[in-house]
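Please read the structure below before turning to the comments.
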Amino acid sequence: MKLQTRFMMNLSFVGLLAMVTFGFLIESQLAKLLDKEINSQLTSHQSLSTAYLSDTITNIQTDLDLITNNALTRQYFSASETIRYQLFHSELTRVLQRYLKYGEHYGEIAVVLPDGFKEITAFNGKVPFRDIDDTFIRLQEHDELNASEVTFATGRTPSGEYLISAYSPLREYSDLIQTNDNPTLAYIKITLPLKALLNSLSTDNIAVSLRIPTPPGSNTRWITVADSSFTEKEKQAFRFLESDINDQFRLRSSLDPELYTSNTSQFYRLSLIIMLLALFSLIVVTYLLLRKVILKPLDQFSELVDQSDLNADMHPALTAYDQNEFGQLKEKFHGMLSRLKQHSSDLKRQAFTDTLTGLPNRAALYELLAKRTVNPSQPLSVLFLDLDGFKNVNDIYGHDLGDTLLKAVSQKLLSIVRDDPNLPLDSINIRNDAVFRLGGDEFTVVLMANSHAALVAQRIIDAFQNGIQIHDKLLYTGTSIGISEFPKDAIDPSLLIQYADMAMYQAKQEGKMRYSIFTSDLAEEEQRRLKLEQLVREGVEFGRFETHFQPKIQASTGKLIGFEALARLRDVDQQLIPPGIFIPVAQEKGVLEYITYRVCEQACQLLQESNNPELIASINIAPNQLSDLRLIADIRSIMWRYQITPRQIEFEVTEEELISNFRQTQRDLELIRNFGFKTALDDFGSGYSSLGQLKKFQFDTLKLDRVFVSTDDFDTESSIGVLSSIKELADRLKMTVVAEGIETASQLAFIQSFNIDIIQGYFYSRPISGPQFSARYLNKPNSLPDMSSSSLKL
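1 is the number of the first residue of the sequence shown in UniProt numbering; add one for each residue after it.
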């Protein structure tokens with residue numbers, strides 16, 4: 001008889017005997033634990049439900065307090081009726097809707113006037129809508145409304161469903177009125193359907209009901225106003241437990257004991273303990289059996305294997321076990337060793353192979369470079385490839401087709417690198433040139449000599465000029481390549497890959513579908529870029545961003561009509577960094593919104609200080625920010641704070657940005673105008689937009705680029721013709737024309753000859769800080785600084 005058969009027969013007998021014995025023990029203990037479990041369930045549920053309802057009441061009181069003390073609520077009731085409905089009604093409704101959305105079980109939030117009419121209502125359909133608050137009127141009639149605290153009351157819908165409503169008085173606060181005499185303007189009301197609230201507290205086994213005190217003279221002290229769907233069986237012999245939430249509400253939890261007779265948690269815990277005891281007993285008995293039947297022969301077998309090493313199957317002493325499992329174990333042991341060796345080899349291959357393309361992966365690349373960069377006398381080149389347009393293939397055709405394209409690209413690279421007939425014989429397979437996939441659409445080629453790296457790169461680029469046939473589609477994807485060389489550029493593998501990556505990005509910036517060889521200038525440029533990123537981050541963290549202001553002057557009268565707010569960044573040495581340098585980095589790192597917000601706030605501060613509603617602040621804004629409703633909302637919030645109207649804010653978009661995304665910018669500008677803001681086209685004349693394109697937009701202002709007056713021959717016939725056409729078209733389109741970059745009196749006279757009277761430039765002032773601007777233009781609004789040549793050198 002086999003050892004396994006003998007062992008299982010003995011173990012089955014012992015296990016069966018143990019399970020029968022413990023089954024009788026479980027049955028005798030279950031009845032005693034059932035009663036205890038029911039009491040525990042009711043007590044626990046009652047405690048949690050009471051705490052939950054108390055928290056709900058507290059949350060209602062907190063939300064009422066927040067809404068009552070909200071600045072927008074105060075502004076709403078302090079404003080005139082016209083302004084109230086034009087400016088604040090929709091905003092206050094949205095505030096109530098946000099509280100309704102995030103308030104669990106809330107059915108309605110309303111502003112109730114003293115006559116019971118609902119001034120503003122936010123509801124979600126959980127409770128029926130009514131213009132008149134019947135519960136509020138009932139509370140008024142019985143003088144049950146608390147004028148200083150939150151009042152809770154129950155009501156019923158026409159269908160008979162009970163509701164709970166909480167009213168918080170909104171009182172008028174004034175220094176001229178004593179606290180106790182402040183009149184009540186309205187009540188903020190929050191309503192919850194009790195049925196839904198109690199259903200969330202009930203479980204499959206426990207039902208919940210809410211009870212309130214009965215009116216004086218009733219036969220019973222408490223009456224049920226709402227219950228969950230399970231409580232219609234309470235008239236039977238259910239177990240229940242009650243507790244007071246406060247002096248107005250009492251909660252009852254009810255449970256049917258029959259539901260726990262076949263399924264209780266204590267049964268499982270007791271079963272676990274008993275099974276552990278059974279298992280312990282089984283282990284003891286099993287050990288004794290194992291020791292006798294298996295362990296002793298196994299020890300002998302192990303000792304013989306150790307003594308005989310891998311040739312144990314040839315030892316004569318083991319022949320006694322050939323007829324049982326130990327004989328089979330001997331053979332399987334050797335088979336296992338063979339498989340382990342094979343698996344080890346397979347795992348190593350998988351660790352260094354890209355699963356999609358079958359190419360060596362990043363780990364294999366570092367492994368190869370670590371070996372090949374030991375001897376500087378054996379140069380090599382690293383080509384870093386990134387596919388151009390691969391993301392479009394994924395977006396249009398899906399990732400499955402994209403994966404198939406990557407496989408085809410891998411095969412094409414292999415054929416180019418290893419089968420190039422134009423390269424010398426010693427530059428192909430003999431040197432073990434290799435293609436690697438780093439991940440995504442990034443590949444690397446390692447050439448074991450660097451003399452032909454540029455030639456290989458150009459061959460790869462030329463090969464990718466042709467499309468790749470994938471199924472029934474001809475797909476086109478180019479490649480940009482960066483090249484670094486060992487030991488010329490670096491001896492560290494990581495730096496070689498990093499420098500090749502830098503060169504690749506340089507190729508992309510130069511127009512893609514080309515290669516770029518790493519130079520020390522690229523490393524220096526990367527260091528400068530990282531330093532600038534650090535300055536931008538520190539500018540946000542330490543508040544080094546400033547706003548400077550350049551005035552717009554009506555030349556014929558010398559009157560200040562507006563200004564342009566410009567962002568500036570100071571470094572640690574208090575030197576100003578030009579915006580053309582830090583703005584692209586700020587946009588890339590996601591801090592441009594912060595800069596725009598700061599510029600808008602300081603511009604609104606200056607507008608408020610001027611106390612001139614006709615003054616206009618111009619602010620530069622990126623096209624992608626035009627559609628950022630959150631940013632626009634933040635800017636409007638700033639304007640409300642400083643009492644600035646939208647017509648005092650003008651957003652400028654450059655001509656270059658307009659051309660880059662024509663249709664989207666057109667839609668975004670329309671959105672901005674709908675909010676009441678002015679719009680301006682900045683740097684007109686520096687790009688390639690035509691005069692005809694201006695008709696498709698409704699800019700309020702057209703700002704001429706300094707290119708029209710920056711040359712010595714700015715007053716040529718061609719310049720005069722162009723400016724005349726621009727001015728004529730702007731007048732027809734009702735656009736105000738502003739001339740930028742005016743620095744000399746001759747330039748001013750030339751521009752004024754076209755009836756262009758609004759001037760911005762160094763002729764009047766450089767961009768200056770807010771205090772300087774206030775001192776020069778706001779404190780003395782009728783005087784302008786000296787325009788002599790000496791003042792222009794400031």
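Note that CB positions come from ideal geometry on N, CA and C, so glycine has one too.
Original post:
Which term fits VAL536, buried or exposed, when burial requires 16 or more other beta carbons within 10 angstroms of its beta carbon?
Top reply: buried
Subject >> Exposure label - LEU194; buried when at least 16 CB within 10 Å >> reply: buried
Subject >> Backbone secondary structure at ILE497 - three-state DSSP >> reply: helix
Original post:
For PHE750, does the three-state DSSP call read helix, strand or coil?
Top reply: helix
Original post:
Going along the chain, which residues of its own chain have a beta-carbon closer than 8 Å to the beta-carbon of PHE352, five neighbours each way excluded?
Top reply: PRO360, ASN361, ALA363, ALA364, GLU367
Subject >> Contact under 8 Å by Cβ, ALA565 with SER494 >> reply: no
Subject >> Under the three-state DSSP convention, the category residue 796 falls into >> reply: Lying before the first or after the last residue shown, residue 796 is absent from the chain, which here runs from 1 to 794.
**OP:** State the start and end residues of the unbroken beta strand (DSSP E) segment that holds ASN394.
**Re:** Where ASN394 is concerned, there is no enclosing beta strand (DSSP E), although the alpha helix (DSSP H) it sits in stretches over 390–397.
Original post:
Would the beta-carbon of THR404 be found less than 7 Å away from any heavy atom of the ligand PLP?
Top reply: Here there are no bound small molecules, and the ligand PLP is not part of this structure.
**OP:** Return yes when the Cβ of ILE461 is within less than 8 Å of the Cβ of MET502, no when it is not.
**Re:** no
Original post:
In three-state DSSP terms, what is SER344?
Top reply: helix
**OP:** With distances taken Cα to Cα, identify the nearest neighbour of ILE616 among TRP640, ARG630, PHE563.
**Re:** PHE563
**OP:** Can you grab the Cα-Cα spacing for the pair ILE638 / ILE581, in whole Å?
**Re:** 28 Å
**OP:** Can you give me the Cβ contacts of PHE675 inside the same chain, cut-off strictly under 8 Å, excluding the 5 residues immediately before and after it?
**Re:** ILE632, ARG636, PRO646
Subject >> SER80, DSSP secondary structure in three states >> reply: coil
Original post:
In whole angstroms, what separates the C-alpha of PRO487 from that of LEU413?
Top reply: 25 Å
**OP:** Tell me whether ILE177 is buried or exposed, calling it buried when 16 or more other Cβ atoms sit within 10 Å of its Cβ.
**Re:** Any reading at ILE177 is ruled out, since the residue's pLDDT is 46, under 50, leaving its predicted position unreliable.
Original post:
So, does the CB of LYS391 fall closer than 8 Å to a CB anywhere in chain C?
Top reply: The question asks about chain C, but that chain is absent: this structure has only one protein chain.
Subject >> Residue from ILE273, ARG221, SER410 whose Cα sits closest to the Cα of ARG250 >> reply: ARG221
Original post:
Helix, strand or coil for SER209 per DSSP?
Top reply: strand
Original post:
How would you call MET314, buried or exposed, if buried means at least 16 neighbouring beta carbons within 10 angstroms?
Top reply: With a pLDDT of only 48 at MET314, under the threshold of 50, the placement of this residue in the model should not be trusted; the figure read from the coordinates follows. So MET314 counts as exposed.
**OP:** Can you give me the start and stop residues for the alpha helix (DSSP H) that PRO584 sits inside?
**Re:** 579–588
Original post:
Name the DSSP bridge partner or partners of ASP386?
Top reply: GLU442, SER480
**OP:** Evaluate PHE684 with the Cβ neighbour count: other Cβ atoms within 10 Å of its Cβ, from every protein chain shown; 16 or more gives buried, anything less gives exposed.
**Re:** buried
Subject >> Beta-carbon proximity check, ILE758 vs LYS552, cutoff 8 Å >> reply: yes
Subject >> Separation of ARG544 from SER790, as counted between CA atoms >> reply: Here the model assigns SER790 a pLDDT of 34, short of 50, so the residue's position is not dependable and the matter cannot be decided.
Subject >> Residue of GLY482, GLN527, GLN498, ASP489 minimising C-alpha distance to GLN506 >> reply: GLY482
**OP:** Take SER254 as the anchor and find which of HIS45, GLN602, GLU588, PHE13 has the nearest alpha-carbon.
**Re:** HIS45
Original post:
Thinking just about the alpha-carbon of each residue, which of GLY103, PHE136, LYS391, GLU656 is nearest to the one in ALA622?
Top reply: GLU656
Subject >> C-beta atoms of PHE754 and LEU723 nearer than 8 Å >> reply: yes
Original post:
If you compare alpha carbons, which of SER54, LEU170, TYR167 is closest to LEU198?
Top reply: SER54
Original post:
When the Cα atoms are used, what is the spatial distance from THR68 to THR151?
Top reply: 14 Å
Original post:
If we count Cβ pairs, one from each stretch, closer than 8 Å, do we get three or more for the region 376–390 versus the region 468–485?
Top reply: yes
**OP:** Alpha carbon to alpha carbon, how far is GLN550 from SER765? Give it in angstroms, no decimals.
**Re:** 6 Å
Original post:
So who's on the other strand from THR716, going by DSSP bridges?
Top reply: In the DSSP output, where bridge partners are listed per residue, THR716 has none listed.
Original post:
GLY103 lies in the alpha helix (DSSP H); which residues open and close that run?
Top reply: Counting along the chain, GLY103 falls outside any alpha helix (DSSP H), and DSSP gives it neither H nor E.
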